[in-house]
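Engineer: So the sequence shown is numbered by UniProt numbering: it starts at 1 and just counts up by one.
Please find one structure pasted underneath; my questions will follow.
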Amino acid sequence: MSQVATVRTLWIGLKSERPLKRVSSYVGSSSKRMLDLTLALSLLIIFSPLILIIALAIKSTSPGPIFFRQKRYGARQLPFMILKFRSMHHTKLVEHDVKQATQGDPRVTPIGHFLRKTSLDELPQLFNVVLGEMSIIGPRPHAVCHDDHYIRRIPQYARRFCVRPGITGLAQVCGARGETRTEGDMQRRIDLDIQYIENGSLLLDMKILVATAHEVCFSANAY
């Protein structure tokens, strides 16, 4: 773990030992859902001009749809279609062979590089939150083929499906954002996801939101 990630973890107040086998009552509560709905609707209103500008920019600079849609697993491993602004050149998706984006990836369009670097490609997921498929904060949903791969290799991986997946999460603000080059990278992400599932609270959510704003502005792991 990098020094910066260590500082963030200490600031958020997590314990370093292996997590207990429980789920925080807050993570699945109606109060968290109301917070999600309020934040998502407010942000959609605030960012509606920006959403329109991005949509026009994507449509005018590369052929293909404005939105990228892909099946992911949510709470109770129920499938849903995640929404993102399309940041790559349009090709037919092969669901069982989804390659993670890498630094300098030639599939990424010029406007897509900017969207990914600033995380603006994630804005449409606010609609997923309104529909109840996602939360503002929770474990980031992976491509189905990655779930199928790692669920057999990483203990407790399936516990991520106890809660709604999130637009951002504890792993993303503690240095586990972006490409997972090794199984150890994924293991660390899962450990942080489980810590959130077991220790989630309103205060922790507020801290993650603040840390997310910092991560969006200064992260080198988004490409």
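Yeah, the Cβ is synthetic: ideal placement off N, Cα and C, and Gly gets one too.
Does the separation of the CB atoms of I136 and G166 fall below 8 angstroms?
Structural biologist: yes
Engineer: Quick one: using the 10 Å Cβ neighbour count with 16 as the cut-off for buried, is E215 buried or exposed?
Structural biologist: buried
Engineer: Give me the DSSP bridge partner(s) of R69.
Structural biologist: L83
Engineer: Sort out for me which residues DSSP pairs S135 with in a bridge.
Structural biologist: G166
Engineer: Per DSSP, what kind of secondary structure is A176 in: helix, strand or coil?
Structural biologist: coil
Engineer: List the whole-angstrom C-beta distance separating F67 from P124, where the pair is believed to meet the contact cut-off of C-beta under 8 angstroms.
Structural biologist: 6 angstroms
Engineer: Compute the Euclidean distance between the alpha carbons of E133 and R69, then round it to the nearest angstrom.
Structural biologist: Cα-Cα distance, rounded: 14 angstroms.
Engineer: Do you know how far the Cα of M34 is from the Cα of M206?
Structural biologist: 14 angstroms
Engineer: So if DSSP puts V108 in a beta bridge, which residue, or which two residues, is it bridged to?
Structural biologist: Residue pairing by DSSP places V108 opposite M88 in a beta bridge.
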